[in-house]
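Numbering (this note's numbering), first residue to last: 8 to 264.
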Ligand SMILES: O=C(O)C(=O)C[C@]1(C(=O)O)C=C[C@@H](O)C=C1
């Protein structure tokens, strides 16, 4: 068998509409991940560094080891993917993908996964997961990994959004970049109406994707959802979009390096 590099779609034809389409698609992934995680109780021994029998907590160990495996087969070749534990990742064992480079080189390495990790475990998880311990530690940790990866991909997608915005209007962004003026960059890249639509859409999706289904009495489960739709809207309004905007600002600050 010939060992050709795996091909990947070109991202050179991106537009603001197309990156927004991608963000809309990623909403589905995030909501399904939250629904899956909400099936399990908090299962707190997973996060306890003293009981696991492995270095760090069990969840940390599972994420680290999964990232190491996925790094070997090319996950972090993609500029959309950022590891939570970038230190000491093993080298690729497959041929490189040769993905066309659309991001400015200085912005590629922006990685706010430390913040995403802390926010997810300390603020988000307690909001949508019930108390308790059912012993399903590995399936639960796998759900955490999927939630973290989906959130990280969405938030770091801000690099692409920022690149498109800069390319569409370099004359608007350049003075603020040269002045390293974060506040002006933040107001230039913010579209409040779009944010409002995102919050409404994710709330609606959480209702549709997470509705309880009953064959007997259709009213039996009416209004019951697997994750609270208003919580998903809040998650986007308070964390997902602000962190995506933080990535955009960080990216733009380096855009003229
Ligand atoms: O759609 C954009 O323009 C984005 O920058 C994305 C995003 C978001 O995170 O969803 C962030 C900032 C804008 O205010 C609106 C939405």
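We put the CB at the ideal spot given by N, CA and C, even for glycine.
Quick check: the Cα distance between residue 1 and residue 105, rounded to an integer number of angstroms? The chain is shown only over 8 to 264; residue 1 falls outside these bounds and no answer can be derived.
Output the distance between the C-alpha atoms of residue 219 and residue 212, rounded to the nearest integer angstrom. For the purposes of this step, residue 219 is taken as the residue at position 212 of the chain shown. For the purposes of this step, residue 212 is taken as the residue at position 205 of the chain shown. For residue 219 and residue 212, the distance between alpha carbons rounds to 13 Å.
On the CB-based measure, 16 or more other CB atoms within 10 Å of its CB, does residue 18 come out buried or exposed? Counting from one through the chain shown, the residue named residue 18 turns up at place 11. Any reading at residue 18 must be qualified, since the residue scores a pLDDT of 49, below 50, and its modelled position is unreliable; no value is offered.
Can you tell me the Cβ-Cβ gap for residue 161 and residue 30, rounded? I've got them flagged as a contact below 8 Å. Here residue 161 refers to the residue found at position 154 of the chain shown. Here residue 30 refers to the residue found at position 23 of the chain shown. The Cβ separation is near 7 Å, so the contact holds.
In three-state DSSP terms, what is residue 77? One-based indexing of the chain shown puts residue 77 at position 70. In the structure shown, the three-state DSSP call for residue 77 is helix.
Would you check whether ligand 1 has a heavy atom nearer than 7 Å to the C-beta of residue 251? Here the question's residue 251 lines up with position 244 in the chain shown. At least one heavy atom of ligand 1 is nearer than 7 Å to the Cβ of residue 251, so yes.
Member of 254, 150, 203 and 263 whose CA lies at the smallest distance from the CA of residue 242: For the purposes of this step, residue 242 is identified with residue 235 of the chain shown, where counting begins at 1. Residue 203 is the option with its Cα nearest to residue 242.
Beta carbon of residue 27: closer than 7 Å to some heavy atom of ligand 1? If you number the chain shown from 1, residue 27 lands on position 20. For residue 27, the Cβ falls inside the 7 Å cut-off from some heavy atom of ligand 1.
Given the structure, does residue 197 come close to ligand 1, in the sense that its CB is under 7 Å from one of the ligand's heavy atoms? Here the question's residue 197 lines up with position 190 in the chain shown. At a threshold of 7 Å, residue 197 counts as near ligand 1, since its beta carbon sits closer than that to one of the ligand's heavy atoms.
Reference residue 163; option with closest CA among 102, 252 and 126: Sequence index remark: in the chain shown, residue 163 carries index 156 (1-based). The shortest C-alpha separation from residue 163 is found at 252.
Tell me, to the nearest whole angstrom, how far the beta carbon of residue 155 is from that of residue 124; I am working on the premise that it is less than 8 Å. Taking the chain shown and counting its residues from 1, one reaches residue 155 at position 148. Taking the chain shown and counting its residues from 1, one reaches residue 124 at position 117. For residue 155 against residue 124, the beta-carbon gap comes to about 7 Å, under 8 Å, which counts as contact.
Let me check you understand the geometry: is the CB of residue 110 closer than 7 Å to at least one non-hydrogen atom of ligand 1? Translated into the one-based positions of the chain shown, residue 110 becomes position 103. If you check the C-beta of residue 110 against ligand 1, you find no heavy atom less than 7 Å away.
Hey, would you say the C-beta of residue 30 is under 7 Å away from at least one heavy atom of ligand 1? In the chain shown, residue 30 corresponds to position 23, counting from 1. Yes, ligand 1 has a heavy atom inside 7 Å of this Cβ.
Kindly examine ligand 1 and report whether one of its heavy atoms sits closer than 7 Å to the Cβ of residue 202. Numbered from its first residue, the chain shown carries residue 202 at position 195. At least one heavy atom of ligand 1 lies less than 7 Å from the C-beta of residue 202.
Express the C-alpha separation of residue 249 and residue 157 in angstroms, rounding to a whole number. As a first step, residue 157 is located in the chain shown; it is residue number 150 there, counting from the start. As a first step, residue 249 is located in the chain shown; it is residue number 242 there, counting from the start. Computed Cα separation, rounded: 16 Å.
Measuring only the C-alpha atoms, how far is residue 92 from residue 137? Start at 1 with the first residue of the chain shown, and residue 92 comes out as number 85. Start at 1 with the first residue of the chain shown, and residue 137 comes out as number 130. Between residue 92 and residue 137, the C-alpha separation is close to 28 Å.
How about the stretch 44–60 and the stretch 133–148: do they share at least three Cβ pairs that are nearer than 8 Å? Under the Cβ criterion (8 Å, minimum of three pairs), the stretch 44–60 counts as touching the stretch 133–148.
Just to confirm the assignment, what range does the alpha helix (DSSP H) spanning residue 163 have? If you number the chain shown from 1, residue 163 lands on position 156. It spans 144–163 - the alpha helix (DSSP H) in which residue 163 sits, taken as one unbroken run.
Tell me, please, which residues DSSP counts as bridged to residue 266. Coverage of the chain is limited to positions 8 through 264, which leaves residue 266 absent and any answer about it impossible.
Assign residue 10 to buried or exposed, taking buried as 16 or more other Cβ atoms, counted over all protein chains shown, within 10 Å of its Cβ. Within the chain shown, the letter at position 3 stands for residue 10. With a pLDDT of only 41 at residue 10, under 50, the local geometry of the prediction cannot be trusted, and the value read off the model is given with reservation. Around the C-beta of residue 10, fewer than 16 other C-beta atoms lie within 10 Å, and the residue is accordingly described as exposed.
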